[in-house]
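Chains as they are written, first to last, in the numbering used here: chain U, 1 to 390; chain P, 1 to 154.
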Amino acid sequence: MNRVGIIGYGISKFGKRTDASMYDLIWEAGSEAIRSSGVDKKDIDYMVVSNMGMWSSEELPAVVAGEVLGIKNAGLHRVEAACASGSSAIASAYDAIRSERSKIAIAVGIEKMNEVESETAIELIGRAGNFLWEYEFFGLTFPGYYALYATAYLNRYSGKEEDLALVSVKNHHYAHLNPIAHFGNEITVEDVMKSRYIASPLKLYDSSPITDGSAAVIMASEDIAKQYTDTPIWIDSIGSNLGTANLSKRNDFVHIEAAREAASKAYRMAKIDAEKPYRFIDGADVHDCFSIAEVLAYEDLGFAERGRGLDMLRNGETYIGGKIPVNVDGGLISKGHPIGATGVAMAVEASKQLLRKAEPGRQIDVKNGRFLTHNVGGTGHYAYVTVYSI
Amino acid sequence: MPGYIVKDEKTKNPVLLDLRELDIKYRIPVSRIEKFYQALDQGIIMGTKCPVCGARFFPPQAWCSDCGYSGEMEFYPLDTHGHLMTFTKIFAKPKSFSSFGDYTVGIAHLDKEDLNILAWIDESIQKPEVGMETVIKVEKRKEDGATVYFIASP
Ligand SMILES: [Zn+2]
């Protein structure tokens, strides 16, 4: 079988990067990815760039990225799957290599969100979903959409806002050990509870920030990958699924169906027991754009039974040493969520963890040699679950 | 320094302040769901029904995504009785809603139709609760004068 492996990766510092343009961010991540892979950029024959855009001035970020990195003889396109754009870029490069259209591909995720003020960023991301029926008259925001899930979930399973706060406490803890993270401070449940409401019951510290950042990976077919490294990070499976544009068309607000479907496809392809997936993987990066989203992810991925996601947090089961470590890079909440870069940043984190190159205090125990990423676009509009192995 | 190079307030990093400004207002065609807006103006909420397979839709649509029928869909007034599935109060508002006060958005399930509607919760509901009984009412919104449907108390 013609496997596909990651042979190099790079990631920029995440944050409100007023010091760096979109070009600079692409260079930080892309040049590091190319250098670490050892490939000559002339041999890169396929390039895919994930970006949501709107808040940044460049309309064609893919061609900008090609020029910035000095890539000349590659096929090129841009992909959008909202917050899951990065995972769709990985999927696109994977497909190009599997179909033998490409031998060496680069996937670059880039988002420069802070070129506009935050009110405009809130406006632009709030429009993502169904503009005419859920935004035009009702001004739903991205936190607002997830807050609808949070209200329903806490009501159904008798959870408290203090329980959700545990997501942010854990993820800030690991972010403070991750030098590229947007936030470097540890926080307490009290800090979360004292922060102001953004969309009730979600508060400022339940939310991912508006982040600038970029991430890139070099991917190659098995025969080529082995010429460059003894330890490629293999992509074992990619499961993806769509969800309805209108949130009102979902049957309930206590799970994300698209993510559950994506997980089931990814588990089937990677031959992972969907009943007890945590026995087959050593860690996971899940899409915690808001605290509630991490709880939904535990259940949609089968880490916890339905309605028991909060128990995992209360028992510390998703810290290193627990049942399955989750978001030990700080997650979107604290590492930051540069929309189009997030999925590629997850691939970078999977690579670092499996190569045992994570910073002290946040390295997982690699036993099975497998790492999972869960990347949700919009509010369950797109979902990608990817299994990486070494 | 040219005038368009300014210092970022927090970090003091130099940034180029764009001289071009973009003001976008979309013109969204609604001719195939015009009946919905005519009825809305009379205080009635219409859904659409497929004459072939019976599938019901809200938001209204002029084709059937279930069976593929693309002839005339039947517009009919929705029975709006139902219950509140979830809600949130929006505090951090988008730019184009910045002149509004904090508003509460909910999703109501229409029990007889088996359809959901997302809308603002109006003042008749002071303390929204999941599962509470609701109807949908058409009102002229104070803030912008727009004719809009709300989730309301029966
Ligand atoms: Zn039909």
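Here a beta-carbon is modelled for each residue, glycine too, at the ideal position from N, C-alpha and C.
### Task
List the endpoints of the continuous alpha helix (DSSP H) containing U/D391.
The shown model of chain U, from 1 to 390, leaves out residue 391 of chain U, and the question about it has no answer.
### C-beta contact flag for U/A405 and U/A93 at 7 Å
With chain U covering 1 to 390 only, the question about residue 405 of chain U has no answer from this structure.
### Message
Considering just the uninterrupted stretch of the alpha helix (DSSP H) at U/F142, what are its terminal residues?
### Response
Taking the first sequence and counting its residues from 1, the one referred to as residue 142 of chain U is at position 142. Unbroken alpha helix (DSSP H) run through U/F142: 142 to 156.
### Task
Hey, could you find the ends of the alpha helix (DSSP H) U/Y205 is sitting in?
As a position in the first sequence, residue 205 of chain U is number 205, starting the count at 1. Where U/Y205 is concerned, there is no enclosing alpha helix (DSSP H), given that its DSSP letter is neither H nor E.
### Task
Can you give me the start and stop residues for the alpha helix (DSSP H) that U/S50 sits inside?
Here the question's residue 50 of chain U lines up with position 50 in the first sequence. Where U/S50 is concerned, there is no enclosing alpha helix (DSSP H), although the beta strand (DSSP E) it sits in stretches over 46 to 50.
### Query
Which residues in the same chain as U/N130 place their Cβ atom closer than 8 Å to its Cβ, once the five residues preceding and following it in sequence are excluded?
The residue you call residue 130 of chain U lines up with position 130 of the first sequence. Taken in chain order, the residues that qualify are A245, N246, L247.
### Pocket of ligand 3 defined by Cβ to heavy atom distance under 5 Å
As presented, the structure is devoid of ligand 3, carrying ligand 1 as its sole ligands.
### Message
Let's see if you can read the secondary structure: which residues bound the beta strand (DSSP E) around P/Y103?
### Response
For the purposes of this step, residue 103 of chain P is taken as the residue at position 103 of the second sequence. Here the beta strand (DSSP E) through P/Y103 covers 103 to 110.
#### Entry: Cutoff 7 Å: P/W120 Cβ touching any chain U Cβ
Position 120 of the second sequence, counting from 1, holds the residue named residue 120 of chain P. At least one CB of chain U lies nearer than 7 Å to the CB of P/W120.
### Message
Going by DSSP, what residue range makes up the beta strand (DSSP E) through P/P14?
### Response
Looking up residue 14 of chain P in the second sequence gives position 14. Per DSSP, P/P14 is one residue of the beta strand (DSSP E) stretching across 14 to 16.
### Query
From the DSSP output, which residues share a beta bridge with P/T134?
For the purposes of this step, residue 134 of chain P is taken as the residue at position 134 of the second sequence. According to DSSP, P/T134 bridges with P/G82.
### Task
Determine the contact status of U/D212 and U/K112, defining contact as a CB-CB distance below 7 Å.
Here residue 212 of chain U is taken as the residue at index 212 of the first sequence, counted from 1. Here residue 112 of chain U is taken as the residue at index 112 of the first sequence, counted from 1. Yes, the pair counts as a contact, with Cβ atoms nearer than the cut-off.
### Message
Could you pull the DSSP bridge partners for U/L354 from this structure?
### Response
Here residue 354 of chain U refers to the residue found at position 354 when the first sequence is read from its first residue. The beta-bridge partner set that DSSP reports for U/L354 is empty.
### Query
So which residues on chain P does U/S57 lean against when the C-beta distance must stay under 7 Å?
Taking the first residue of the first sequence as position 1, residue 57 of chain U is located at position 57. Contacts between U/S57 and chain P, judged by CB atoms closer than 7 Å, involve D18 in chain order.
### Query
Can P/I151 and P/A108 be called in contact, C-beta distance under 7 Å?
One-based indexing of the second sequence puts residue 151 of chain P at position 151. One-based indexing of the second sequence puts residue 108 of chain P at position 108. Yes. Within cutoff.
### Query
Alpha carbon to alpha carbon, what distance is there between P/D114 and P/H83?
Numbered from 1 along the second sequence, position 83 holds the residue referred to as residue 83 of chain P. Numbered from 1 along the second sequence, position 114 holds the residue referred to as residue 114 of chain P. The alpha-carbon atoms of P/H83 and P/D114 are separated by roughly 11 Å.
### Task
Buried or exposed for P/D144, please, with buried defined as at least 16 other CB atoms from any protein chain shown within 10 angstroms of its CB.
The residue given as residue 144 of chain P occupies position 144 in the second sequence. Classification of P/D144: exposed, given that the 10 Å Cβ count is below 16.
#### Entry: Partner residues on chain P for U/P325, Cβ-Cβ distance less than 7 Å
As a first step, residue 325 of chain U must be located in the first sequence, where it is residue number 325. Against chain P, a Cβ distance below 7 Å from U/P325 picks out nothing, because the smallest value is about 30 Å.
#### Entry: Min CB distance U/D19 to chain P below 7 Å
Here residue 19 of chain U refers to the residue found at position 19 of the first sequence. Judged by the 7 Å Cβ criterion, U/D19 is in contact with chain P.
### Query
Per DSSP, P/F75 forms a beta bridge with which residues?
Here residue 75 of chain P is taken as the residue at index 75 of the second sequence, counted from 1. Paired residue(s): P/T48.
### Message
What does the alpha-carbon distance come out to for the pair U/T379 and U/M52?
### Response
Here residue 379 of chain U refers to the residue found at position 379 when the first sequence is read from its first residue. Here residue 52 of chain U refers to the residue found at position 52 when the first sequence is read from its first residue. Distance between the alpha carbons of U/T379 and U/M52 is about 15 Å.
### Query
Within 7 Å (strictly less), CB to CB, does U/Y23 reach chain P?
Walking along the first sequence from the start, residue 23 of chain U turns up at place 23. With 7 Å as the cut-off, U/Y23 does not count as an interface residue toward chain P.
### Query
Taking 7 Å as the CB-CB cut-off, is U/L148 touching chain P?
Position 148 of the first sequence holds residue 148 of chain U. So yes, U/L148 belongs to the interface.
### Query
Counting Cβ pairs, one atom from each stretch, are 3 or more of them under 8 Å apart for the region 110 to 128 of chain U and the region 9 to 27 of chain U?
Contact between the region 110 to 128 of chain U and the region 9 to 27 of chain U is present, because at least three Cβ pairs lie under 8 Å.
### Query
When you compare each of P/T86, P/A146, P/D8, P/F75 to P/K49 by their alpha carbons, which one comes out closest?
Counted from its first residue, the second sequence places residue 49 of chain P at position 49. With distances taken between Cα atoms, P/K49 lies closest to P/F75.
### Task
Could you spell out where the alpha helix (DSSP H) holding P/K7 opens and where it closes?
In the second sequence, the residue the question calls residue 7 of chain P occupies position 7. If you look at P/K7, you'll find it isn't in any alpha helix (DSSP H); it sits in the beta strand (DSSP E) that goes 5 to 7.
### Query
Got a sec, what are the start and stop residues for the beta strand (DSSP E) U/S389 sits in?
The residue you call residue 389 of chain U lines up with position 389 of the first sequence. Note, U/S389: beta strand (DSSP E), 382 to 389.
### Three-state class that DSSP yields for U/H182 in the structure shown
Working through the first sequence from its first residue, we reach residue 182 of chain U at position 182. The three-state reading of DSSP puts U/H182 in coil, since its state is none of H, G, I, E or B.
### Task
Return helix, strand or coil for U/L391, following the three-state DSSP convention.
In the structure as shown, chain U begins at 1 and stops at 390. Residue 391 of chain U is therefore absent and cannot be evaluated.
### Task
Give the single residue among P/A146, P/D111, P/K137 whose Cα lies nearest to the Cα of P/I154.
Here the question's residue 154 of chain P lines up with position 154 in the second sequence. This sequence places Pro at residue 154 of chain P; Ile is not what is there. Ranking the options by Cα distance to P/P154, first place goes to P/K137.
#### Entry: U/V326 beta carbon less than 7 Å from that of U/I320
Here residue 320 of chain U is taken as the residue at index 320 of the first sequence, counted from 1. Here residue 326 of chain U is taken as the residue at index 326 of the first sequence, counted from 1. No. Outside cutoff.
### Task
Could you give the DSSP three-state label for U/F280: helix, strand or coil?
Indexing the first sequence from 1 puts residue 280 of chain U at position 280. In this structure, U/F280 counts as coil in the three-state DSSP scheme.
### Query
Can you tell me whether DSSP reads P/F97 as helix, strand or coil?
Here residue 97 of chain P refers to the residue found at position 97 when the second sequence is read from its first residue. Helix at P/F97.
### Query
Who are the neighbours of U/K249 on chain P, taking C-beta pairs under 8 Å?
Reading the first sequence from its first residue, position 249 is the one you call residue 249 of chain U. Near U/K249 (Cβ distances below 8 Å), the residues of chain P are N116.
### Query
Does any C-beta atom of chain P lie closer than 7 Å to the C-beta of U/L242?
If you number the first sequence from 1, residue 242 of chain U lands on position 242. Under the 7 Å criterion on CB atoms, U/L242 is classed as non-interfacial with respect to chain P.
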